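Note that numbering that gives the first Met the number 0 has the sequence shown beginning at 0, numbered continuously upward.
Even glycine gets a Cβ: it sits at the ideal position worked out from N, Cα and C.
As the structure is a computational prediction, the values presented were derived from the model and not from experiment.
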Amino acid sequence: MFDTTKTSLQEILRTFWEKHDPTQGMRQGNDIGTQYRSAIYTANLEQDQVAKQTQQQYQQALGSQGITTEILPLGEYYFAEIYHQQYLAKNPNGYCGIGGTGVCFPPELNP
0 MFDTTKTSLQ EILRTFWEKH DPTQGMRQGN DIGTQYRSAI YTANLEQDQV AKQTQQQYQQ
60 ALGSQGITTE ILPLGEYYFA EIYHQQYLAK NPNGYCGIGG TGVCFPPELN P
């Protein structure tokens with residue numbers, strides 16, 4: 000959940016696309032499995048449309064690398080175990096395999 004009076008879905012999605020690698024399928028770096036997949040779960044049709052639009056825009060910026068991010072309606076949701084929540088805040092030198100692609104969201108499309 001997010002507060003639309005403080006940030007827009009477009010801003011969140013721009014950061015989402017830039018800060019991880021959406022082309023790796025069921026993994027991020029050395030971490031492999033469904034829990035590491037790239038995914039967006041939307042609460043309504045408007046969010047779904049915005050997510051798919053930004054996916055297409057970022058795909059154009061990436062070029063030939065295909066985005067594997069799944070975009071699906073939000074279903075039943077479970078919070079991660081406590082030891083996984085805010086992991087890097089609790090472990091500043093902890094392992095993080097997320098690196099992004101180095102490709103920025105097209106500036107002319109930034110919110």
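* Measure the Cβ-Cβ separation of Gly28 and Gly93 and say whether it is below 8 Å. => no
Review point. Where does Ile39 land, buried or exposed, given buried means 16+ other C-beta within 10 angstroms?
Key: buried
Three-state secondary structure (DSSP) of Ile31 = strand
Exercise for the section: Work out the CA separation of Ile70 and Thr22 for me, nearest whole Å. Expected result: 14 Å
request  = Express the C-alpha separation of Gln58 and Asn43 in angstroms, rounding to a whole number.
outcome  = 23 Å
Through-space distance from Glu75 to Ala60, alpha-carbon basis: 33 Å
Let me know the secondary structure DSSP gives Thr14 once reduced to three states.
helix
How many angstroms separate the CA atom of Leu87 from the CA atom of Cys95?
8 Å
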